[in-house]
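Engineer: Below is one structure. I have some questions about it.
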């Protein structure tokens with residue numbers, strides 16, 4: 581049982597490290613291609629932030645937002 585537990589811990593550790601490494605490598609590669617994929621709002625003072633695809637951008641009605649949030 582102890583050998584099984586040790587093997588299980590090794591497999592889980594390897595899997596987690598492999599996943600973190602893949603996330604880092606693929607994230608760096610993807611960011612070089614699509615620079616807009618990261619949201620950098622440090623130091624910005626935004627009241628409302630809309631996240632979404634072009635459907636979000638082209639379907640926003642400012643009149644509804646103004647009446648809902650009183651801006």
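Numbering (the numbering used here), first residue to last: 581 to 651.
Note that beta-carbon positions come from the ideal geometry of N, C-alpha and C, so glycine has one too.
Owing to the predicted nature of the structure, the values given are computational and were not obtained by experimental measurement.
Roughly how many angstroms lie between the CA atoms of residue 647 and residue 609, to the nearest whole one?
Structural biologist: Counted from its first residue, the chain shown places residue 647 at position 67. Counted from its first residue, the chain shown places residue 609 at position 29. Answer to the nearest angstrom: the Cα atoms are 42 Å apart.
Engineer: Using DSSP with H/G/I as helix, E/B as strand and the rest coil, what is residue 587?
Structural biologist: Position 7 of the chain shown, counted from the first residue, corresponds to residue 587. Correct three-state label for residue 587: helix.
Engineer: Which residues bound the alpha helix (DSSP H) around residue 644?
Structural biologist: In the chain shown, the residue the question calls residue 644 occupies position 64. From DSSP, the alpha helix (DSSP H) with residue 644 extends over 642-649.
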